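Colleague: In the numbering used here, the protein residues as written are 7 to 159. Each residue gets a CB set at the ideal place from its N, CA and C atoms; glycine is no exception. Quick caveat, the model's predicted, so the values are computed rather than measured. Mind looking over this structure? Questions follow.
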């Protein structure tokens, strides 16, 4: 069963169970997928595209958490944390920082790039191509910078 079908089944289960938070969260993701399909005029069949949309939803909520903290809105922050937790259940396990660093090191050695900050752009391009969907971009960026600055784990 694909991720879109899983979301639909979870939506139905949440409605039957009366779990409003899960129902609303899953419904928002389904709406974002539908909006993407309408905008791009293509039906999403690939789970990787669904994962990308879910990651955007998680990022939007994570970014909003800082604003809620500044405004002293703990109620909204708590609600968004629950939504983030629900959404992360649909995402594949991401690589640890150590694994990302090891992958960056291997990519650099395979490509034969100079170990200096001049290689940052090329390294990021290669690393993101290889690690897309497996690791967070911020973690990859930090690993590339650490590697290029000569820091070995």
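1) With DSSP run on the structure shown, which of helix, strand or coil describes residue 154?
2) Let me confirm a value: residue 129 is counted as buried when at least 16 other C-beta atoms fall within 10 Å, else exposed. Which label applies?
3) To the nearest angstrom, how far is the alpha carbon of residue 60 from that of residue 40?
4) Under 7 Å between the Cβ atoms of residue 103 and residue 145?
5) Three or more C-beta pairs closer than 8 Å, one from the stretch 89-100 and one from the stretch 51-68: is that the case here?
6) Residue 47: buried (16+ other C-beta within 10 angstroms of its C-beta) or exposed?
7) Using CA coordinates, which residue listed in 68, 44 and 35 is at the minimum distance from residue 56?
8) What does the alpha-carbon distance come out to for the pair residue 142 and residue 99?
Modeller: In this structure, then:
1) Position 148 of the chain shown, counted from the start, is the residue given in the question as residue 154. Helix at residue 154.
2) The residue you call residue 129 lines up with position 123 of the chain shown. Its Cβ being crowded by 16 or more others within 10 Å, residue 129 is buried.
3) Sequence index remark: in the chain shown, residue 60 carries index 54 (1-based). Sequence index remark: in the chain shown, residue 40 carries index 34 (1-based). Taking the straight line from one Cα to the other gives about 12 Å.
4) Locating residue 103 in the chain shown gives position 97, where the first residue counts as 1. Locating residue 145 in the chain shown gives position 139, where the first residue counts as 1. Yes; because the gap between Cβ atoms is below 7 Å, this pair is in contact.
5) yes
6) Taking the chain shown and counting its residues from 1, the one referred to as residue 47 is at position 41. Per the 10 Å Cβ criterion, exposed.
7) As a position in the chain shown, residue 56 is number 50, starting the count at 1. Ranking the options by Cα distance to residue 56, first place goes to 35.
8) Along the chain shown, read from residue 1 onward, the residue named residue 142 stands at position 136. Along the chain shown, read from residue 1 onward, the residue named residue 99 stands at position 93. Those two C-alpha atoms are separated by around 11 Å.
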